[in-house]
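Peer 1: Chains as they are written, first to last, in our numbering: chain A, 41 to 375; chain B, 209 to 819.
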Amino acid sequence: MADTLERTKKDFTSDQEPRWCPGCGDYAILAAVQSFMPELGVAPENTVFVSGIGCSGRFTYYMDTYGFHGIHGRAPAIATGIATARPDLTVWVVTGDGDALSIGGNHLIHALRRNVNLKILMFNNQIYGLTKGQYSPTSEVGKVTKSTPFGSVDRPFDPVALALGAAATFVARTIDNDRKHLTDVLREAAEHPGAAFVEIYQNCNVFNDGAFDLLRDKSQGPHNQIRLVHGEPIVFDEGTRCVRLAANGRLEIAAVADTDPAQIITHDVHGPPSLAFTLAQLSQGPTEPTCIGVFREVQRTTYGEAVHDQIARARERSGDGDLEALLTGGDTWSV
Amino acid sequence: MSTTVEQRERVVVRFAGDSGDGMQLTGDRFTSATALLGNDLATLPDFPAEIRAPAGTVHGVSAFQIQFASTDVTTPGDHADVLVAMNPAALKADLPTVVRGGTLILNEDAFQQRNLDKAGYEADPRTDGSLDGYQVYSVPMTSITVRAVEPVGVGKKEAERAKNMFALGLVSWMYDRPTAPTLEWLERKFGGKPEILDANVAAFNAGYNFGETTELFAHRVEVKAAPAEPGTYRNIAGAQALAWGLIAASRASGLPLFYASYPITPASDLLHELSRHKHFGVITVQAEDEIAAANMALGAAFTGQLAVTGTSGPGLDLKAETIGLAVITELPMIIVDVQRAGPSTGMPTKTEQGDLLAAMFGRHGESPIPIIASSTPSGCFDVVLDAARVAIRYRTPVIVLSDSFLQNSSEPWRLPDASSIERIDPHFAQPNGAVFHPYARNEDGARPWAIPGTAGLQHRIGGLEREDVTGAISYDADNHERMTDLRREKVAGIATSLPPLEVDDPTGDADLLVLGWGSTAGSIRAAVRRARDSGEKVAHAHLRWLNPMPSNTGDVVRRYPRVLIPEINEGQLALLIRARFLIDALSFSRVQGRPLWADELDDAIEEALRG
Numbered sequence: 041m042a043d044t045l046e047r048t049k050k051d052f053t054s055d056q057e058p059r060w061c062p063g064c065g066d067y068a069i070l071a072a073v074q075s076f077m078p079e080l081g082v083a084p085e086n087t088v089f090v091s092g093i094g095c096s097g098r099f100t101y102y103m104d105t106y107g108f109h110g111i112h113g114r115a116p117a118i119a120t121g122i123a124t125a126r127p128d129l130t131v132w133v134v135t136g137d138g139d140a141l142s143i144g145g146n147h148l149i150h151a152l153r154r155n156v157n158l159k160i161l162m163f164n165n166q167i168y169g170l171t172k173g174q175y176s177p178t179s180e181v182g183k184v185t186k187s188t189p190f191g192s193v194d195r196p197f198d199p200v201a202l203a204l205g206a207a208a209t210f211v212a213r214t215i216d217n218d219r220k221h222l223t224d225v226l227r228e229a230a231e232h233p234g235a236a237f238v239e240i241y242q243n244c245n246v247f248n249d250g251a252f253d254l255l256r257d258k259s260q261g262p263h264n265q266i267r268l269v270h271g272e273p274i275v276f277d278e279g280t281r282c283v284r285l286a287a288n289g290r291l292e293i294a295a296v297a298d299t300d301p302a303q304i305i306t307h308d309v310h311g312p313p314s315l316a317f318t319l320a321q322l323s324q325g326p327t328e329p330t331c332i333g334v335f336r337e338v339q340r341t342t343y344g345e346a347v348h349d350q351i352a353r354a355r356e357r358s359g360d361g362d363l364e365a366l367l368t369g370g371d372t373w374s375v
Numbered sequence: 209m210s211t212t213v214e215q216r217e218r219v220v221v222r223f224a225g226d227s228g229d230g231m232q233l234t235g236d237r238f239t240s241a242t243a244l245l246g247n248d249l250a251t252l253p254d255f256p257a258e259i260r261a262p263a264g265t266v267h268g269v270s271a272f273q274i275q276f277a278s279t280d281v282t283t284p285g286d287h288a289d290v291l292v293a294m295n296p297a298a299l300k301a302d303l304p305t306v307v308r309g310g311t312l313i314l315n316e317d318a319f320q321q322r323n324l325d326k327a328g329y330e331a332d333p334r335t336d337g338s339l340d341g342y343q344v345y346s347v348p349m350t351s352i353t354v355r356a357v358e359p360v361g362v363g364k365k366e367a368e369r370a371k372n373m374f375a376l377g378l379v380s381w382m383y384d385r386p387t388a389p390t391l392e393w394l395e396r397k398f399g400g401k402p403e404i405l406d407a408n409v410a411a412f413n414a415g416y417n418f419g420e421t422t423e424l425f426a427h428r429v430e431v432k433a434a435p436a437e438p439g440t441y442r443n444i445a446g447a448q449a450l451a452w453g454l455i456a457a458s459r460a461s462g463l464p465l466f467y468a469s470y471p472i473t474p475a476s477d478l479l480h481e482l483s484r485h486k487h488f489g490v491i492t493v494q495a496e497d498e499i500a501a502a503n504m505a506l507g508a509a510f511t512g513q514l515a516v517t518g519t520s521g522p523g524l525d526l527k528a529e530t531i532g533l534a535v536i537t538e539l540p541m542i543i544v545d546v547q548r549a550g551p552s553t554g555m556p557t558k559t560e561q562g563d564l565l566a567a568m569f570g571r572h573g574e575s576p577i578p579i580i581a582s583s584t585p586s587g588c589f590d591v592v593l594d595a596a597r598v599a600i601r602y603r604t605p606v607i608v609l610s611d612s613f614l615q616n617s618s619e620p621w622r623l624p625d626a627s628s629i630e631r632i633d634p635h636f637a638q639p640n641g642a643v644f645h646p647y648a649r650n651e652d653g654a655r656p657w658a659i660p661g662t663a664g665l666q667h668r669i670g671g672l673e674r675e676d677v678t679g680a681i682s683y684d685a686d687n688h689e690r691m692t693d694l695r696r697e698k699v700a701g702i703a704t705s706l707p708p709l710e711v712d713d714p715t716g717d718a719d720l721l722v723l724g725w726g727s728t729a730g731s732i733r734a735a736v737r738r739a740r741d742s743g744e745k746v747a748h749a750h751l752r753w754l755n756p757m758p759s760n761t762g763d764v765v766r767r768y769p770r771v772l773i774p775e776i777n778e779g780q781l782a783l784l785i786r787a788r789f790l791i792d793a794l795s796f797s798r799v800q801g802r803p804l805w806a807d808e809l810d811d812a813i814e815e816a817l818r819g
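Written out as structure tokens, the structure reads:
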């Protein structure tokens, strides 16, 4: 529920001192979110942050909104209860790769398929940080950690592809240290009516430092970020490379110089999910050139709307419930 | 030969057939007619876990038992006086439930070799002497039904399906039940399908007339109306009473009802019933799993709803971590556990009281929670109202224990006056200019319930230990101990608001106290009454709140030389009573997936008195 009151970052900043490791990517995300919240025109008391367990879980304590720090993996379920019961609230979920994709994978996909009006920020650092360094469901194959001294053997999820597969209506990816891109994506997510899933590449400088260097690093990033912009041809690496349609019908990365401009894919966030899904699978992100930005944005009735609409229609049909009539309806007899 | 009319005080009738034979429906309609006649009654549906087990087999037998009487009825009856068996499998499965000398009404058409084989009979029980000592009536129900339905012009299959109505008509005649309620019900149900309606009416009338005109049945039985308190009555099963009680609690508190649940036998009926009442503003969510259901409810509780999740044993295990979160966040929430026979999947359609200790202790850490249990189907209504009252007043999750038997069983219920249900004030926190302390407590030990949307009361809660008063995260050693104490004291303190444990002890000097909880109340009452009739001095008390127990519970159990605790588990309440009050309570335990029988309690009482 938007209003026109002037607010500042301070209105969304709680009195708690953030306690992440110095240099953690979470600080940058927190600062971006706190700074961006006033733009939405939603009062702090009408905003709820819900988090799970992991380093990201602490996020709720630093926002001066209503907050619920839940249990491991269940934040989307708690948030579904909040958003379904009270569609007047703006509900954000802050989660991590282990929280959202491992222990809480089921709740994530169901919140997305139901299109619950939630803004889900998934901090992906490809590691379990709070438990001090085990591989996560987004860690690359062969990851050497405390629990996998000989390297992990299981294939990781691509969070964007997973969200698309779960029929999410808004799916995006951004990077913790790119304040402008991060804020732009958050803005689009906030404006989306329905479930918005945002994967944020987040550097864990203690247990998985440099995992996203190819994309985060000032010198490498510009060459490897494939920035998706709706309605524009997908071109990156300072205009030298592009995503084009290959002869076999698949998408491939190629040099612009070698490509007929008609073959360059124009990004479309509203079309069928096949393009977004293919873009998500284009490369071995984040160790190869990787798409960031909004992959998909489509409109569908939100879960809360559908639930309350059904109640409204039942009341139109039968009138507001009458307890006396309920109790005495059907076969009764008097003594 | 003219028919004689025999007066009886009480009768137990059991309808049994294939799961597809419509026995539950038959029983249900017989119950309605019986209720309208003014008999007191209790019912017990007994169905297999399989939806459609192979037809004609013992696994597929579905039964419905009803006891009705001209005096008060406390149980569906240990044993049946009359068994209606629609096929050999039903006879095989349920003959052991029939009293010696009882009446068997068999569907003769179904007793063919093929069905006898499927039921596992080596010889026809009707002719090999195994039914000697019973009154056996063999009635060709299927073929008479088909003939009666013929003029309606439905197919043979539809005609045969109506045989349950023939059985209902026949038994209705035998017990002089009014026919109008059944005919009116058929009209309502099949009004839109005239042929099916006509077929069922024809079958029902054929059954009734068969009793009236054949000379097969020597007599019919009359059971007069039971004396009852003046008022308006209806027949109600536990599942419906639970659902309606939750709706009543929503109305009484002004809080919208939010019910999240995952399908599980036998708790699904609660989801089904509540989802029909959207015009009461009820939100029902069929969650992706048990854990999600609990968390959705807890999220809704945070926003100021009357939040409820329902489940059965396996689901209670899955919800345990979330219930712990509700304990530490101190939010009002109701968890309904419709107990079934465990462990694990156990016997999903069969009853048990095996979850008491799981409700008490089934979470990690010190995690106290109020627990209330209903003792009758209709009592579920008041039990959830009280659960809501306590949850909201004390800002705590509350576990409501029901069980499969209560959920499915039904009894006449004198309707409460909806307008006289006491209001429950949620007392939401309001800003008063001072710094808001989410863990400051009132005289009940309860913290404020500040819901999103309230300006100035923004605060953060969660599973981490909180600092007393401020609610900031705290790892302080003394604070953790203080918070642990405060949570325990708050739940223990609920006892001061509970009525004392009442003891039914007419002479006041009984030699034995029988202490129970939950759905065993009826059987215990019946057994205690019989013991008194034979000159024994036996008292009965039944716990409604299991945690905390009423303040006088210790005095009550210590007052009697002997205490016997019958339960459908291996002595869970007995364990609690022995540990809490240091008395040598005797446990009587049965775990056969069925209600306790009053006659097995007779022996247990006898033994306890002599022991």
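Every residue gets a Cβ at the ideal spot worked out from N, C-alpha and C, and that includes glycine.
If you're wondering where the values come from, they're calculated on a predicted model, not measured in any experiment.
Please list the residues of the stretch 343 to 355 of chain A that have a C-beta atom closer than 7 Å to any C-beta atom in chain B, keeping them in chain order.
Peer 2: Flagged, chain order: VAL347, GLN350, ILE351, ALA354 and ARG355.
Peer 1: Going by beta carbon distance, what residues of the same chain come within less than 7 Å of A/VAL347, once the five residues before and after it are set aside?
Peer 2: Closer than 7 Å at Cβ, skipping near neighbours: THR124.
Peer 1: With a threshold of 16 other CB atoms inside 10 Å of the CB of B/HIS427, please say whether the residue is buried or exposed.
Peer 2: Flag for B/HIS427 reads exposed.
Peer 1: Does DSSP classify A/CYS61 as helix, strand or coil?
Peer 2: A/CYS61 falls in the coil class under three-state DSSP.
Peer 1: For B/ASN372, does the count of other Cβ atoms within 10 angstroms reach 16, so buried, or fall short, so exposed?
Peer 2: Buried, since its Cβ has 16 or more Cβ neighbours within 10 Å.
Peer 1: Please go through the stretch 59 to 97 of chain A and give each complete alpha helix (DSSP H) segment of 4 or more residues, from N-terminal end onward.
Peer 2: DSSP runs (the alpha helix (DSSP H)) wholly in the stretch 59 to 97 of chain A: 65 to 76.
Peer 1: Alpha carbons only, please: which of B/ASN295, B/GLY363, B/GLU420 and B/PHE238 is nearest the one belonging to B/VAL213?
Peer 2: Considering only alpha carbons, the answer is B/GLU420.
Peer 1: Provide the residue(s) that pair with A/GLU239 in DSSP beta bridges, ordered along the chain.
Peer 2: DSSP output for A/GLU239 lists A/MET162 and A/ARG213 as bridge partner(s).
Peer 1: Assuming contact is defined by CB atoms lying nearer than 8 Å, are B/GLU496 and A/HIS147 in contact in what I supplied?
Peer 2: For B/GLU496 and A/HIS147, yes; Cβs fall inside 8 Å.
Peer 1: Can you tell which of B/ARG786, B/ALA505 and B/ARG740 has the C-alpha that lies nearest to the C-alpha of B/GLU814?
Peer 2: Considering only alpha carbons, the answer is B/ARG740.
Peer 1: So is A/SER358 in contact with chain B if we call contact Cβ pairs under 8 Å?
Peer 2: Output row for A/SER358: interface = yes.
Peer 1: Measure from the alpha carbon of B/PRO714 to the alpha carbon of each residue in B/ASN687, B/ARG737 and B/HIS688, then state which is nearest.
Peer 2: Per the Cα distances, B/ARG737.
Peer 1: DSSP on A/TYR343, reduced to helix/strand/coil?
Peer 2: Of the three classes helix, strand and coil, the one that applies to A/TYR343 here is helix, per DSSP.
Peer 1: Are the Cβ atoms of B/GLY268 and B/ALA257 separated by less than 8 Å?
Peer 2: No, these two residues do not count as a Cβ contact at 8 Å.
Peer 1: If you draw a straight line from the C-alpha of B/ARG767 to the C-alpha of B/GLU710, how long is it?
Peer 2: Going from the Cα of B/ARG767 to the Cα of B/GLU710 covers about 13 Å.
Peer 1: Rounded to whole angstroms, what's the CA-CA distance from A/PRO127 to A/VAL133? Just pull it up for me.
Peer 2: Each residue's Cα considered, the two are about 15 Å apart.
Peer 1: Return the residue from the list B/TRP753, B/PRO774, B/LEU233 and B/GLY225 that minimises the CA-CA distance to B/THR251.
Peer 2: Answer by Cα proximity: B/LEU233.
Peer 1: The beta strand (DSSP E) that contains A/ALA302, what's its start and end?
Peer 2: Premise fails: A/ALA302 is in no beta strand (DSSP E) and is neither H nor E.
Peer 1: Is there a Cβ of chain B sitting closer than 8 Å to that of A/PHE237, yes or no?
Peer 2: A/PHE237 does not count as touching chain B.
Peer 1: List, in chain order, every chain A residue whose beta-carbon is nearer than 7 Å to that of B/ASP486.
Peer 2: For the record, residue 486 of chain B in the displayed sequence is Lys; it is not Asp. Here the neighbours are GLN350, ILE351 and ALA354.
Peer 1: Who are the near neighbours of A/HIS263 in its chain, counting only those whose CB is closer than 6 Å to its CB and skipping five residues on each side?
Peer 2: Contacts found: ASP277.
Peer 1: Do three or more CB pairs link the stretch 354 to 369 of chain B to the stretch 404 to 417 of chain B at distances below 8 Å?
Peer 2: As far as the Cβ criterion goes, the stretch 354 to 369 of chain B touches the stretch 404 to 417 of chain B, which means the pair count is three or higher.
Peer 1: Rank B/ALA327, B/MET541, B/GLN215 and B/VAL765 by C-alpha distance to the C-alpha of B/ASP226 and give the top, closest one.
Peer 2: Nearest C-alpha to B/ASP226: B/ALA327.
Peer 1: Kindly give me the distance between the Cβ atoms of B/PRO900 and B/LEU339, rounded to whole angstroms, as I take these residues to be in contact under 8 Å.
Peer 2: Since the first residue shown for chain B is 209 and the last is 819, residue 900 of chain B is missing from the structure and cannot be characterised.
Peer 1: Mind checking if A/VAL88 is an interface residue toward chain B, Cβ cutoff 8 Å exclusive?
Peer 2: So, interface residue.
Peer 1: Between which residues of its own chain and B/THR387 is the CB-CB distance below 7 Å, once the five residues before and five after are set aside?
Peer 2: Contacts found: SER380 and TYR416.
Peer 1: As a quick exercise: from B/THR282, B/PHE510, B/ALA782 and B/ALA515, pick the residue whose alpha carbon is nearest that of B/ARG770.
Peer 2: Checking every option, the nearest Cα to that of B/ARG770 belongs to B/ALA782.
Peer 1: Do you know offhand how far B/GLU366's Cα is from B/PHE412's?
Peer 2: So the two alpha carbons sit approximately 14 Å from each other.
Peer 1: Along chain A, in chain order, which residues have C-beta atoms closer than 8 Å to that of B/MET504?
Peer 2: The contacting residues are ALA117, ILE118, THR120, GLY121 and THR124.
Peer 1: Could you work out which residues of chain A lie near B/GLY240, taking near to mean beta carbons separated by less than 7 Å?
Peer 2: Reading the sequence as shown, one finds Ser at residue 240 of chain B and not Gly. By Cβ distance, chain A contributes ASP371.
Peer 1: Let me see if you follow: with CB-CB separation under 8 Å, is B/TRP157 close to chain A or not?
Peer 2: As shown, chain B starts at 209 and ends at 819. That puts residue 157 of chain B outside it, with no answer to give.
Peer 1: Does DSSP classify B/TRP827 as helix, strand or coil?
Peer 2: This structure gives no information on residue 827 of chain B, because the portion of chain B shown stretches from 209 to 819.
Peer 1: Which two residues bound the contiguous beta strand (DSSP E) that contains B/ILE694?
Peer 2: Looking at the sequence shown, residue 694 of chain B is not Ile but Leu. Counting along the chain, B/LEU694 falls outside any beta strand (DSSP E), though it belongs to the alpha helix (DSSP H) covering 685 to 701.
Peer 1: Can you pull the chain A residues whose beta carbon is under 7 Å from the beta carbon of B/ASP497, in chain order?
Peer 2: By Cβ distance, chain A contributes ASN146.
Peer 1: So, at 6 Å on beta carbons, what are the nonlocal neighbours of B/MET209 in its own chain, with the 5 sequence-adjacent residues on each side left out?
Peer 2: Bear in mind that the predicted position of B/MET209 carries a pLDDT of just 43, short of 50, making it too unreliable to give a figure here.
Peer 1: In chain B, what lies closer than 9 Å to A/HIS150 by C-beta?
Peer 2: Result: ALA495, GLU496, ASP497 and ALA500.
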